[in-house]
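As they're listed, the protein sequences go chains A and B.
So the first sequence is residues 1 to 194, counted in this note's numbering.
So the second sequence is residues 1001 to 1194, counted in this note's numbering.
Number of protein chains: 2
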Amino acid sequence: MRKNAKFDRAEVVDNATRLYWEKGFNGTSMRNLQDVIDMRPGSIYATFGSKEGLFKEALNRYTEMGIEELRRCRVHSSSPLVALNVFMRNVVLDYANKAPNRMCMLAKTMGELTQDTPELLKEAKRLLAKVEAEFVTLLQEAQDLGELDSTKNVATLARHIQVQTMGLRTYAKACDNQEELETMVDDVFKHHPF
Amino acid sequence: MRKNAKFDRAEVVDNATRLYWEKGFNGTSMRNLQDVIDMRPGSIYATFGSKEGLFKEALNRYTEMGIEELRRCRVHSSSPLVALNVFMRNVVLDYANKAPNRMCMLAKTMGELTQDTPELLKEAKRLLAKVEAEFVTLLQEAQDLGELDSTKNVATLARHIQVQTMGLRTYAKACDNQEELETMVDDVFKHHPF
DNA sequence: GATAAAATTGAACGGTCGTTCAAATTATAT
DNA sequence: ATATAATTTGAACGACCGTTCAATTTTATC
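In structure tokens, the structure reads:
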């Protein structure tokens, strides 16, 4: 007596995330979304509730992808700090062609949204904190392994990585100078507060 | 036989800039603008050509305001590097309540816009470069006065300040921790590459 | 005061927006 | 095969979008 949804929710959210990441919340229309996720309005609203609801899910998917990538970097790297360096090179340098947008979707969202959509703003902040916590975990591991001086404050370092990454990705979109960017990424780990 | 415009163009652009800065290009409607600048559609279009035209002028006004503020900081400071520090404290810390948005309008614009509006994107990049050039001028002065080691590359330092400022302002909007932010601003000038 | 050019007004345009919902379709359990 | 309930469809809604332009108002000049 039941009929199950035939679309692949993960795939749909992936496509929506890509579009939202590229064009932003205000820059993306429901009709744009209908096209890329191949669903009709009724289905979209039955599944996600609203344009905001789908965006919220996209923000979460984006963050999940980022954290997965960070963990992949860890697996393929010889140490936590090398993994962090590789991850930062990825997002600052290699996203140039691969990603829908050079900038961090969470940073973009922080810039675009106001108190007109308080829940989305809150969600973006929450997810940025989640990413930062993931950095903390990796830095903690670095300390445990003796790669990082045990006197360092991992919370401070994680915050520092957030600021550097968001700053560099914004700068990268405005002025793409691969060599200089590469130097700046590497410098993050060579100097204070590391 | 002529009739001169009765509105104050500078004041109009100021008000438009404030609104655009707060809500972004896509988040601001012409009707929102009509309200805050107190002009009717016909007059706006006769004066600025389009929503994009007015935004372009707002970007320029925003940049002009920023550069003026930087120069004010220089006048009221004992040295170029102190002036840079004061300026950064202003935009990162004091804008919390004063400004329409904690983030840099140019950075916000870089995040929001795509190749759908290539001229606005180009203009934002151009203006970011202009700000960077202003930093170079100040750093050059610091070198001339012996406040800054003459072996330092002023272009590199200016780029560094851009990245730090944009990163910190984005972070500040996501997670307002005044004390930590203050430390991070001051650290910019205490450590590499300074 | 008459003239004419410039500036201003605001109704209106076609289009797109986010969203709804009655109707059609589908897949399962009997 | 039939009944049933979940899912899907897409036309339609009212609101708002950026923009236009004929009509009106204003003001410097003679």
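A virtual CB, placed ideally from N, CA and C, is assigned to each residue, including glycine.
Remember, predicted model here, so these are calculated numbers, not experimental data.
Pair within 7 Å by beta-carbon distance, residue i and residue j
i	j	result
residue 170/A	residue 110/A	no
residue 1088/B	residue 1137/B	no
residue 158/A	residue 145/A	no
residue 15/A	residue 36/A	yes
residue 1017/B	residue 1046/B	no
residue 163/A	residue 1168/B	yes
residue 132/A	residue 24/A	no
residue 1030/B	residue 1051/B	yes
Residue i, DSSP secondary structure in three states
i	result
residue 14/A	helix
residue 38/A	coil
residue 99/A	coil
residue 2/A	coil
residue 55/A	helix
residue 1153/B	coil
residue 1191/B	coil
residue 1120/B	helix
residue 109/A	helix
residue 148/A	coil
residue 1008/B	coil
residue 176/A	coil
residue 115/A	coil
residue 73/A	helix
residue 49/A	coil
residue 170/A	helix
residue 1079/B	coil
residue 1137/B	helix
residue 1028/B	coil
Euclidean distance between Cα positions of residue i and residue j
i	j	result
residue 41/A	residue 1039/B	37 Å
residue 1126/B	residue 1063/B	10 Å
residue 1032/B	residue 1077/B	39 Å
residue 1147/B	residue 1189/B	12 Å
residue 108/A	residue 21/A	8 Å
residue 143/A	residue 149/A	6 Å
residue 13/A	residue 2/A	24 Å
residue 7/A	residue 48/A	13 Å
residue 1053/B	residue 71/A	45 Å
residue 1114/B	residue 19/A	12 Å
residue 1160/B	residue 153/A	23 Å
residue 4/A	residue 75/A	37 Å
residue 194/A	residue 1094/B	28 Å
residue 1028/B	residue 1044/B	15 Å
residue 1187/B	residue 179/A	25 Å
residue 1151/B	residue 151/A	32 Å
residue 10/A	residue 34/A	15 Å
Top-ranked residue by Cα proximity to residue i, from the options
i	options	result
residue 1156/B	1180/B, 1192/B and 1099/B	1192/B
residue 117/A	148/A, 13/A, 26/A and 14/A	26/A
residue 1135/B	1043/B, 1101/B, 1073/B and 1097/B	1073/B
residue 1184/B	1008/B, 1092/B and 1162/B	1092/B
residue 1069/B	1112/B, 1161/B and 1090/B	1090/B
residue 1067/B	1129/B, 1142/B, 1006/B and 1115/B	1129/B
residue 177/A	96/A, 151/A, 187/A and 106/A	96/A
residue 1056/B	1034/B, 1179/B, 1105/B and 1186/B	1105/B
residue 1079/B	1179/B, 1009/B, 1011/B and 1141/B	1141/B
At a cut of 8 Å, does the segment 116-126 of chain A reach the segment 73-89 of chain A through at least three beta carbon pairs?
no
Cβ contact (3+ pairs, closer than 8 Å) linking the segment 1173-1184 of chain B and the segment 1092-1102 of chain B:
yes
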